[in-house]
Structure formats: C-alpha cells, structure tokens
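The end of the sequence shown is residue 237 by this note's numbering, with every number in the run present. By construction, the Cβ of each residue, glycine as well, lies at the ideal position given by its N, Cα and C atoms. None of these values were measured; they are calculated from a predicted model.
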Amino acid sequence: MIERIESGIPGLDELIDGGFVKNSVNLIAGQTGTAKTIFCCQYLLHGLRNGEKGLYVSLEESPEEILKDISVFGWDKEFREYIKKGNLIFVAEFPTSFRELTDVTVDLIRRLGAQRFVLDSLSVATMGWEMGRLDLGKMRRELFEFISALKKENVTSLLIVEIPEAEKKISRFGFEEFVADGIIILYYLEYAVGGFSRSLSIRKMRRTAHATDIYPFEITKEGIVVKNVEKR
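Have a look at this one:
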C-alpha cells in the first residue's frame, strides 16, 4: 500500500488518491499571481498542525515578506509560534549551485527532522545559476542529485516553479518536470466549470490514479479550497 501525505488543501486529496505520495518531490507550477506560495504555506501549516515538522527555504523573498503575504489568513502568527517551538525553519538562502543548495537543504532537514519541505523557487535557482555557461546536461544531473538527496531524507517536498508569461512550457529548461514525481499547475483566468477565475490541474503524479480535468479553486479566509470536485 502506498503511503500518502495529506495536502492540507480541501478538495485536492480527492483528486490524487488521498494525498501526495510520501517521500515524493512535486512541482507546484504557475504564472505570477496564481497562489503558489499560499498553496505551499497551506501544505506546511497542515503538517505543523498535525505534529509534522516543516522547512521552507526561500531563494528570493525574505521570510518576513512571505509571512506578511500570508498574514491575511492569520497564518503568520501560527508560523511564528511553530518557529519558536522548533517545529518550523523558515529561512532565506542564497546558494550558487545545486550542490550547494543540496548541502544546505539536507543539513536543515536533518537538523530539524523535517517531514515536509518547500523550496521557493526552483525557477529562481536555475535562472541565476545558468548565467555565464549553459550546460544543460550538468544542470539536469545536479537537479536529479538534489531530488535524490531529498528522497533519501524521507521528506515530502513541494518545489515552486514559475511559468513564464505567455509561454506554454511548465519549466524554464523543460527537464525539471521529467525528474519530479508530481506536477500540479495553478492557473489564473483559465476558466473551469462554473466560470471560476482560478483553477488547477494535475499534470503528473507517479503511482497515483489522479484526476485529469481542470478544477476550479477559490482563495477563502481559510486558504485555498478546490471546488466542484466530483466524487471518484
């Protein structure tokens, strides 16, 4: 039996056989403003509320800025309490390679005993590190090594990926999606049934009989809620 980790997103687990596969690495992809950060913070918070330790590594924004963004839900106060209790590490890091990112991340996971991990974002990492030389083969190998290292630490991971505006591809270089176990794409103004302005689709989920349509979601005062989910 495949062990699952609840997403913490009401309505989503029904679409992915009960949750993310434990110890998997999943991309949360979307253009600017599609609620990727909210999604990932909600995932971490659900785990924290259920006794699971979490790690959030930002490669761009400061933790304070992200906490301000989620203060509309009141989550910032909860996150600060979990940080004080030693159940959550919420940090900004500025590594210069996947190998350095791997070392930093693995060290933090082990130090905390984290069970849930969020990287914000994979796009920022590859955007900076490819400058000067573009060795896609090496980058793909190092990304694979990073993902393999995460799996060895028994942590279930979400990696945020920014989809460039007006582009159809999921990731910056086109190989990121092939090494990940799952991909959830968040949309804005791509209408699903009922005319909702936000929606999501599960593009890929290994070892999972996942739903394949586009499903609407709303951002409520409690966070993201997937709507109109058919019973499967």
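Between I207 and I189, the C-beta gap is smaller than 9 Å, which places the two residues in contact.
Taking C46 as the centre and dropping the five residues before and after it, the same chain places the C-beta of I75 and W80 closer than 7 Å to its C-beta, in chain order. Taken through DSSP and simplified to helix, strand or coil, E150 comes out as helix. Residue environment: A34 is assigned as buried (16 or more neighbouring CB atoms within 10 Å of its CB, all protein chains considered). Comparing alpha-carbon positions, the option among E223, E158, A214 and G228 lying closest to D22 turns out to be A214.
Short of 7 Å from the beta carbon of Y193, and not among the five residues preceding or following it, lie these beta carbons of its own chain, in chain order: Q36, G38, T39, S202 and R203. Contact between I224 and I43 holds, with the beta-carbon distance rounding to 7 Å and staying under 8 Å. Secondary structure note for F222: its beta strand (DSSP E) is the uninterrupted segment Y220 to T225. With a cutoff of 9 Å on beta-carbon distance, F95 and F84 are scored as near each other. Residue range F103 to L117 is occupied by the alpha helix (DSSP H) that includes L117. When secondary structure is reduced to three states using DSSP, V184 falls in the helix class. Here K73 has no same chain residue with a Cβ atom under 6 Å from its own Cβ, once five neighbours each way along the sequence are excluded. Taking all protein chains shown into account, G52 has 16 or more neighbouring C-beta atoms within 10 Å of its C-beta and is therefore buried.
In the DSSP assignment, the residues bridged to S162 are V30 and F122. Here DSSP, grouped into helix, strand and coil, assigns S202 to coil. Distances from the alpha-carbon of R116 to those of R145, L64 and K58 put K58 closest. Counting other Cβ atoms within 10 Å of its Cβ, F99 stays below 16 and is therefore classed as exposed.
In the three-state reduction of the DSSP assignment, R85 falls in the helix class. Its chain contains V30, N31, L32, I152, L164 and K209 as the residues whose beta carbon lies nearer than 8 Å to that of A185, once the 5 sequence neighbours on both sides are disregarded; these appear in chain order.
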